[in-house]
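Peer 1: Residue numbers (this note's numbering): 77 to 496.
Sharing a structure, written as structure tokens. Questions coming.
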């Protein structure tokens, strides 16, 4: 098994390095390289960084390696129309690649099944996000998965620490942290609640320390208002409800708050029904459902779908639903196909400019609605694997998904039915 695990690990790393050396999202990587260059070339701290501060610190740490070799006279080439240099873009993605390796290790150690761990490391959607796009969701997911593993060992305080680190990279990490706090309140474990909140407050204050002063105002303008909608700007949405009816929201959809209430109440009822037994299974379950609700009712960025992959693998093992774990690989394949063809283009991440090479699949009228309906159908299947009778993954699932895609293609692209 060790030889197979090493071979899979090397394959996953090599594929990521090869892709990351030339591909990348011009806009997102452009923001990241600008912020890193600003600090190392002028000494200015970018308080308008477009994500949470902890990600900025991690990127600056790894970018220091690039700054050293550049100062030593290294000439870094560019590739086509990308705003970043080739080695520069690769180094910016090293943290995400290491996080993918870390999640692979955690899943392998926890489940003892190389197949389950491989479903994550070799998942096309994870590779696409980490190596080709350059997104940082895996950095959030590694401490998230570590937190669940710690919960299985009853190391609640360390798990709270891991969940806070996850949430300080991407806010979704605070979902299991919040559910754990609710459980402490329901069971009147107020000492543990105080320790948990102390961990969260302390780490948050430490993370935002460089922002004290004018930086907090910039963070509020550049990050908070984009999500809460206080700026009045209309958010771009990928969820099925908004796009089916032509709705646009300032910030998050108000339906998110309803979904949040459903998750909280469902978690509490689930815990009471289980007589407050082991918390790992309901904690993972309702974290998955929270991710599903976010994909359905919020701005629903396509990379958020990746959160469901390691969580579903973990839950598939805990609940003995191997079909759910198997489904995550197909989920990743379809997520990659739909994101590339319907939301970007087959050339965008490679060349830096969008161009539809395959006109029958890319740049489609109402393509985003085709994307929404296909993703919606797969989310329903995932929920079905969670709640219905455990079954193995079958080829009929592939046929059903293809049928939904083709039906959506016919009605929304060819027949032009839709709000746009």
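Idealized CB from N, CA, C, for every residue including glycine.
1. Determine the DSSP secondary structure at residue 483, reduced to helix, strand or coil.
2. Who are residue 154's beta bridge partners in DSSP?
3. Using the Cβ count rule (16 or more neighbours within 10 Å means buried), how would you classify residue 486?
4. Can you grab the Cα-Cα spacing for the pair residue 237 / residue 296, in whole Å?
5. Can we say the stretch 206-215 touches the stretch 250-258, given the rule of at least three CB pairs closer than 8 Å?
6. Skipping 5 residues on each side, what residues in its chain have a beta carbon closer than 8 Å to that of residue 86?
7. Tell me whether residue 90 is buried or exposed, calling it buried when 16 or more other Cβ atoms sit within 10 Å of its Cβ.
8. Tell me which same chain residues have a C-beta within less than 6 Å of the C-beta of residue 163, skipping the five on either side of it?
9. Round the Cβ separation of residue 198 and residue 192 to the nearest angstrom and send it over; I've been treating them as touching at under 8 Å.
10. Below 7 Å CB to CB, which residues in the same chain sit around residue 340 once its five sequence neighbours on both sides are set aside?
11. What are the start and end residues of each continuous beta strand (DSSP E) run of 3 or more residues lying completely inside the stretch 375-432, in chain order?
12. Is residue 467 helix, strand or coil when you go by DSSP?
13. Taking the CB atoms as reference points, tell me whether residue 401 and residue 446 lie closer together than 8 Å.
14. Would you report the Cα separation of residue 371 and residue 408, rounded to the nearest angstrom?
15. Around the Cβ of residue 148, are there at least 16 other Cβ atoms within 10 angstroms (buried) or fewer (exposed)?
16. Is the separation between the beta-carbon of residue 442 and that of residue 494 shorter than 8 Å?
17. Taking 8 Å as the threshold (C-beta atoms), are residue 433 and residue 423 in contact?
18. From residue 337 to residue 331, what distance separates their C-alpha atoms?
19. Can you have a look at residue 262 and say buried or exposed, based on whether 16 or more other CB atoms are within 10 angstroms of its CB?
20. Is there a Cβ from chain B that is less than 8 Å from the Cβ of residue 131?
21. Out of 204, 201, 289, 352, state which residue places its alpha-carbon closest to the alpha-carbon of residue 260.
22. Could you check where the alpha helix (DSSP H) with residue 266 kicks off and where it finishes?
23. Could you say which of 217, 206, 275 lies nearest to residue 232 if we only look at CA atoms?
24. Determine the closest residue to residue 84 out of 464, 195, 224, with distance taken between C-alpha atoms.
25. Decide if the stretch 348-368 is in contact with the stretch 169-188; the criterion is three or more beta carbon pairs, one per stretch, under 8 Å apart.
26. Ignoring anything shorter than 4 residues or poking outside the stretch 160-196, list the alpha helix (DSSP H) runs there in chain order.
27. Which term fits residue 92, buried or exposed, when burial requires 16 or more other beta carbons within 10 angstroms of its beta carbon?
28. Look at the alpha carbon of residue 146 and the alpha carbon of residue 112, and state the distance between them as a whole number of angstroms.
29. Less than 8 Å separating the beta-carbons of residue 451 and residue 414?
Peer 2: From the atom records:
1. In the chain shown, counting from the first residue as 1, residue 483 sits at position 407. Of the three classes helix, strand and coil, the one that applies to residue 483 here is helix, per DSSP.
2. Counting from 1 along the chain shown, the entry for residue 154 is found at position 78. DSSP lists 161 as partners of residue 154.
3. In the chain shown, residue 486 corresponds to position 410, counting from 1. Classification for residue 486: exposed.
4. One-based indexing of the chain shown puts residue 237 at position 161. One-based indexing of the chain shown puts residue 296 at position 220. Cα to Cα, residue 237 sits roughly 24 Å from residue 296.
5. Segments in contact, no.
6. Along the chain shown, read from residue 1 onward, the residue named residue 86 stands at position 10. The answer is none, since no qualifying residue turns up.
7. Residue 90 sits at position 14 when you count from the first residue of the chain shown. Per the 10 Å Cβ criterion, exposed.
8. Taking the chain shown and counting its residues from 1, one reaches residue 163 at position 87. Answer for residue 163: 152, listed in chain order.
9. Start at 1 with the first residue of the chain shown, and residue 198 comes out as number 122. Start at 1 with the first residue of the chain shown, and residue 192 comes out as number 116. No, residue 198 and residue 192 are not in contact; Cβ-Cβ is about 11 Å, not under 8 Å.
10. Residue numbering aside, residue 340 sits at position 264 when the chain shown is read from its first letter. So the list reads 258, once near-sequence residues are dropped.
11. Uninterrupted beta strand (DSSP E) stretches at least 3 residues long and entirely within the stretch 375-432 do not occur.
12. Here the question's residue 467 lines up with position 391 in the chain shown. Residue 467: coil per DSSP, three-state reduction.
13. In the chain shown, counting from the first residue as 1, residue 401 sits at position 325. In the chain shown, counting from the first residue as 1, residue 446 sits at position 370. No, the pair does not count as a contact, with Cβ atoms beyond the cut-off.
14. For the purposes of this step, residue 371 is taken as residue 295 along the chain shown, with counting starting at 1. For the purposes of this step, residue 408 is taken as residue 332 along the chain shown, with counting starting at 1. In this structure, the straight-line span from the alpha carbon of residue 371 to that of residue 408 is close to 15 Å.
15. Position 72 of the chain shown, counted from the start, is the residue given in the question as residue 148. Residue 148 is exposed by the Cβ-count criterion.
16. Stepping through the chain shown from its first residue, residue 442 is reached at position 366. Stepping through the chain shown from its first residue, residue 494 is reached at position 418. Residue 442 is a Cβ neighbour of residue 494, given a cutoff of 8 Å.
17. Here residue 423 corresponds to residue number 347 of the chain shown, with the count starting at 1. Here residue 433 corresponds to residue number 357 of the chain shown, with the count starting at 1. The answer is yes: Cβ separation under 8 Å.
18. Working through the chain shown from its first residue, we reach residue 337 at position 261. Working through the chain shown from its first residue, we reach residue 331 at position 255. Each residue's Cα considered, the two are about 10 Å apart.
19. Working through the chain shown from its first residue, we reach residue 262 at position 186. Exposed, since its Cβ has fewer than 16 Cβ neighbours within 10 Å.
20. The structure shown contains no chain B; it is built from a single protein chain.
21. The residue labelled residue 260 in the question sits at position 184 within the chain shown. Minimum Cα distance to residue 260 is reached at 352.
22. Working through the chain shown from its first residue, we reach residue 266 at position 190. Run containing residue 266: 266-284, per the alpha helix (DSSP H) assignment.
23. Your numbering for residue 232 matches position 156 in the chain shown. Residue 275 is the option with its Cα nearest to residue 232.
24. Indexing the chain shown from 1 puts residue 84 at position 8. Looking at the Cα atoms, 195 is the closest of the given residues.
25. no
26. 162-168, 170-187
27. Residue 92 sits at position 16 when you count from the first residue of the chain shown. Classification of residue 92: buried, given that the 10 Å Cβ count is 16 or more.
28. Numbered from its first residue, the chain shown carries residue 146 at position 70. Numbered from its first residue, the chain shown carries residue 112 at position 36. In a straight line, the C-alpha of residue 146 is about 13 Å away from that of residue 112.
29. As a working mapping, residue 451 is identified with position 375 in the chain shown. As a working mapping, residue 414 is identified with position 338 in the chain shown. Yes, Cβ-Cβ distance for residue 451 and residue 414 is below 8 Å.
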